[in-house]
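There are 2 protein chains.
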Amino acid sequence: MKTIFIGAGNVAWHLVSLFSKNKDLQITHIWSRKKENAESLKNKLNDESIKINYSIQQLDFSKTDVDLAILSIADGAFETVLSKLILPKNCILAHTSGAQPMEMLKLANQNQIKNIGVFYPLQTFSKAKEVDFSQIPFCIEANDKKIEEKLTSLAKQFSNKVFQVSSKDRSILHVAAVFACNFSNYLWTISEQILKEKNLPFDMLKPLLEETLQKALEINPSNAQTGPAIRKDEKVIEKHLHMIEEMNLSNSNPHFSQIYKLMTESIQKKKKLDLT
Amino acid sequence: MKTIFIGAGNVAWHLVSLFSKNKDLQITHIWSRKKENAESLKNKLNDESIKINYSIQQLDFSKTDVDLAILSIADGAFETVLSKLILPKNCILAHTSGAQPMEMLKLANQNQIKNIGVFYPLQTFSKAKEVDFSQIPFCIEANDKKIEEKLTSLAKQFSNKVFQVSSKDRSILHVAAVFACNFSNYLWTISEQILKEKNLPFDMLKPLLEETLQKALEINPSNAQTGPAIRKDEKVIEKHLHMIEEMNLSNSNPHFSQIYKLMTESIQKKKKLDLT
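Taken in order, these protein sequences are the chains called Y and Z. Okay, so the first sequence: first residue is 4 according to my numbering, each after it adds one. Okay, so the second sequence: first residue is 4 according to my numbering, each after it adds one.
See below:
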């Protein structure tokens, strides 16, 4: 399959490497809004045959021999890029986003695209960090059974966990992932900042962080809740709120005590409901 | 060292096992408000010589030959238990709490206790789950240099990470741990609930959860933030809020959309400040 990549961000960075190791796939073009991103990705692959496109005017691939186009760009860029993207008639266009409905892709080929699908790896990617694709769940969707099969069998070459997931379910997974990952990371950032403020090493918390996650994965988070909130330890809660306010962190971010209060209240409310 | 344990909860459960494997230590008594807890802990050790005390009247150890008393009880029970606890004059009394100042222990022996300290393992414990103590940071404090040395050398028999930490710093670590662990676990619970509501398996998120933590540990959470909030992807944020409200989760917990909004706002505020 002759494949082009539209996008050279974190997800594309890893997928391009993955695809390049597969003999059935040939990457012919990489497009990125930023030329240097496409070029560093090309350099990473060390493949001189790959062509680089980079301006919004260079999205017309109608004369290119291409079977599969992977759209891997920021959600906010979908409309602009799709309004300019033109692919050969039989080319499959698949995006890699958790948040975008498949139907968005119909904007390609001036609303005349035929074969569309989704090829969404449910994982967080950073260029600097290698990932093991075999454990990453792939969410596949297509507007046609044959295309779904093609994308599924492609994903199965990389991962043991391939699922057919509708746009609606994918967006549910995405919002759940925002709570579980983006917001958790932010809570760790708050911890990091509190400790930094007091010259204490964040490293001291690392074994606790690892064990907390391992426990939640083993017995499920709803069975793993501990801490002053669920114990209704009002004295400790009050002390913590007082400490946060005293710490003068409110200068850098007024939300820390609000977050502490809201999370505590919500944990306590949940417990009450579970008991009824 | 002849040792008694006051408390038979999650922390005591693991510390007692740990202590029982050390030949220099001899556990003579276990006290718990609940007789059955002390008994199951004794049964776990399979040591008939251990005595069980269980009522609030059985906290007078003044006639007992004991060198070290470990107080490992809920924060809310400190005052009640300490007001009744009486130890031999030269016995060291150390507690295992993240939240309680060392000075609280002065309530023991009717305010006549001499040797007090803290022996706090910075970890989350559940009875059912074994932990590797060698990686757990121990926070040690004492009101006397010699006692500090004793508790430090004791902790070093179990862990490679032993620190002298003041009550003030320990309470900072504790509040940071509440954000990083208790509140993160609650966010995972929200995810679990969202997915359950829509019959999607929480398992699909597990690789993402593991990678998110690994990345935060490697490059620090403040460098690892991703997601719609930090990208200021207002369309996705609006869509998510709409979805959460539509999901009717508000019946079971009215805070999910509030938490989404507040976390998003705080992440965005933080980013802005870092750029100035």
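Beta carbons: idealized from backbone N, C-alpha and C, even for Gly.
Can you list, in chain order, the residues of its chain with a C-beta nearer than 8 Å to that of L125(Z)? Leave out the 5 residues immediately preceding and following it. Along the second sequence, one-based indexing puts residue 125(Z) at 122. For L125(Z), where only same-chain residues beyond five positions count, the Cβ hits under 8 Å are G101, I139, P140, F141, C142, L176 and A180.
Chain Y within 7 Å of E82(Z), Cβ atoms only: Translated into the one-based positions of the second sequence, residue 82(Z) becomes position 79. Cβ-Cβ to chain Y under 7 Å: no for E82(Z).
Coil, strand or helix - K66(Y) by DSSP: Your numbering for residue 66(Y) matches position 63 in the first sequence. Residue state, collapsed to three classes: coil.
Between the C-alpha atoms of E268(Y) and Y263(Z), what's the straight-line distance to the nearest angstrom? As a first step, residue 268(Y) must be located in the first sequence, where it is residue number 265. As a first step, residue 263(Z) must be located in the second sequence, where it is residue number 260. In a straight line, the C-alpha of E268(Y) is about 15 Å away from that of Y263(Z).
Could you spell out the range, first to last residue, of the alpha helix (DSSP H) harbouring T192(Z)? Numbered from its first residue, the second sequence carries residue 192(Z) at position 189. Start and end: S187 to E200.
Completely contained alpha helix (DSSP H) runs for the segment 203 to 272 of chain Y, where each covers 4 or more residues: 209 to 222, 231 to 234 and 237 to 249
Does any residue of chain C bring its CB to less than 7 Å from the CB of D147(Z)? Considering every chain present, this structure includes no chain C. Its protein chains are Y and Z.
Span of the beta strand (DSSP E) holding K54(Z)? Sequence index remark: in the second sequence, residue 54(Z) carries index 51 (1-based). K54(Z) -> beta strand (DSSP E) spans K54 to N56.
Within 7 Å (strictly less), CB to CB, does C94(Y) reach chain Z? Here residue 94(Y) refers to the residue found at position 91 of the first sequence. With 7 Å as the cut-off, C94(Y) does not count as an interface residue toward chain Z.
Residues of the segment 59 to 76 of chain Z whose Cβ lies closer than 8 Å to any Cβ of chain Y, in chain order: none
Establish whether the CB of G230(Y) and some CB of chain Z are separated by less than 7 Å. For the purposes of this step, residue 230(Y) is taken as residue 227 along the first sequence, with counting starting at 1. For G230(Y), the answer is yes, since a Cβ of chain Z falls inside 7 Å of its Cβ.
Is it the case that the Cβ atoms of T155(Y) and V168(Y) are separated by a distance below 7 Å? To locate residue 155(Y), count along the first sequence from 1; it is residue 152. To locate residue 168(Y), count along the first sequence from 1; it is residue 165. Going by C-beta atoms, T155(Y) is not nearer than 7 Å to V168(Y).
Residues that Y123(Z) contacts on chain Y, provided the C-beta gap is smaller than 8 Å: Counting from one through the second sequence, the residue named residue 123(Z) turns up at place 120. What Y123(Z) touches in chain Y: nothing, since even the nearest Cβ is about 11 Å away.
Taking 7 Å as the threshold (C-beta atoms), are L211(Z) and L216(Y) in contact? As a first step, residue 216(Y) must be located in the first sequence, where it is residue number 213. As a first step, residue 211(Z) must be located in the second sequence, where it is residue number 208. No, the pair does not count as a contact, with Cβ atoms beyond the cut-off.
Secondary structure of C184(Y), DSSP reduced to three states: The residue you call residue 184(Y) lines up with position 181 of the first sequence. Here C184(Y) sits in helix by DSSP.
With DSSP collapsed to three states, give me the class of G79(Y). Within the first sequence, numbered from 1, the residue matching residue 79(Y) stands at position 76. G79(Y) falls in the helix class under three-state DSSP.
For A102(Y), name the three-state secondary structure that DSSP assigns. Taking the first sequence and counting its residues from 1, the one referred to as residue 102(Y) is at position 99. Three-state DSSP puts A102(Y) in coil, outside helix and strand.
Given L208(Z), which residues of its chain have a CB within under 7 Å of its CB, disregarding the five upstream and five downstream residues? The sequence position of residue 208(Z) within the second sequence is 205, counting from 1. If we look at L208(Z) and ignore the five residues flanking it on each side, its Cβ neighbours are S194.
If you measure from the beta carbon of H258(Z) to each beta carbon in chain Y, is any gap under 7 Å? As a working mapping, residue 258(Z) is identified with position 255 in the second sequence. Judged by the 7 Å Cβ criterion, H258(Z) is in contact with chain Y.
For Q228(Y), which residues in the same chain have their Cβ closer than 7 Å to its Cβ, ignoring the five residues on either side in sequence? Position 225 of the first sequence, counted from the first residue, corresponds to residue 228(Y). I270.
Closer than 7 Å between beta carbons: that is the criterion. Which residues of the segment 107 to 131 of chain Z meet it against chain Y? L125, Q126, T127 and S129
Verify the CB distance criterion: does F182(Y) have a CB-CB separation below 7 Å to chain Z? Here residue 182(Y) corresponds to residue number 179 of the first sequence, with the count starting at 1. Cβ-Cβ to chain Z under 7 Å: yes for F182(Y).
Could you check if N93(Y) is buried or exposed, using at least 16 other CB atoms within 10 Å of its CB as the buried criterion? The count along the first sequence starts at 1 and reaches residue 93(Y) at position 90. With fewer than 16 other Cβ atoms within 10 Å, it is exposed.
Spell out whether any CB of chain Y is found under 7 Å from the CB atom of D172(Z). For this step, residue 172(Z) is matched to residue 169 along the second sequence. With 7 Å as the cut-off, D172(Z) counts as an interface residue toward chain Y.
Could you compute how far the alpha carbon of N202(Z) sits from the alpha carbon of D172(Y)? Here residue 202(Z) refers to the residue found at position 199 when the second sequence is read from its first residue. Here residue 172(Y) refers to the residue found at position 169 when the first sequence is read from its first residue. Rounded to the nearest angstrom, the two C-alpha atoms are 9 Å apart.
Could you give the residue range of the alpha helix (DSSP H) that holds I150(Y)? Indexing the first sequence from 1 puts residue 150(Y) at position 147. Unbroken alpha helix (DSSP H) run through I150(Y): K148 to K159.
Which whole-angstrom value describes the C-beta separation of T127(Y) and C184(Y), a residue pair presumed to lie in contact below a C-beta threshold of 8 Å? Here the question's residue 127(Y) lines up with position 124 in the first sequence. Here the question's residue 184(Y) lines up with position 181 in the first sequence. Their Cβ separation, rounded to whole angstroms, is 6 Å, which keeps T127(Y) and C184(Y) in contact under 8 Å.
Could you spell out the range, first to last residue, of the alpha helix (DSSP H) harbouring E39(Y)? Residue numbering aside, residue 39(Y) sits at position 36 when the first sequence is read from its first letter. Start and end: K38 to L48.
Rounded to the nearest angstrom, what separates L90(Y) and N114(Y) at their Cα positions? Mapped onto the first sequence, residue 90(Y) falls at position 87. Mapped onto the first sequence, residue 114(Y) falls at position 111. Near 11 Å, if we compare the C-alpha coordinates of N114(Y) and L90(Y).
If you measure beta-carbon to beta-carbon, which residues of the segment 204 to 216 of chain Y are closer than 8 Å to chain Z? F205, M207, L208, K209, P210, L211, L212, E213, E214, T215 and L216
Please check the pair V121(Y) and E144(Y), which I expect to be a contact at CB under 8 Å, by giving their CB distance rounded to whole angstroms. Position 118 of the first sequence, counting from 1, holds the residue named residue 121(Y). Position 141 of the first sequence, counting from 1, holds the residue named residue 144(Y). The pair is a contact, with the Cβ atoms about 4 Å apart (cut-off 8 Å).
Helix, strand or coil for L276(Y), going by three-state DSSP, please let me know. For the purposes of this step, residue 276(Y) is identified with residue 273 of the first sequence, where counting begins at 1. Only weak support exists for where L276(Y) lies, its pLDDT of 47 falling under 50; the value from the coordinates is given anyway. It is helical.
Going by the beta-carbon positions, is the gap between A72(Y) and L96(Y) smaller than 7 Å? Indexing the first sequence from 1 puts residue 72(Y) at position 69. Indexing the first sequence from 1 puts residue 96(Y) at position 93. Taking 7 Å as the Cβ cut-off, A72(Y) and L96(Y) qualify as a contacting pair.
Proximity below 7 Å, CB of I9(Y) to CB of W34(Y): Position 6 of the first sequence, counted from the start, is the residue given in the question as residue 9(Y). Position 31 of the first sequence, counted from the start, is the residue given in the question as residue 34(Y). Closer than 7 Å, so yes.
Give the DSSP-derived three-state secondary structure of N114(Y) in the structure shown. Translated into the one-based positions of the first sequence, residue 114(Y) becomes position 111. It is helical.
Inter-residue CB distance, K47(Y) and S20(Y) (contact presumed, cutoff 8 Å): Taking the first sequence and counting its residues from 1, one reaches residue 47(Y) at position 44. Taking the first sequence and counting its residues from 1, one reaches residue 20(Y) at position 17. The Cβ separation is near 7 Å, so the contact holds.
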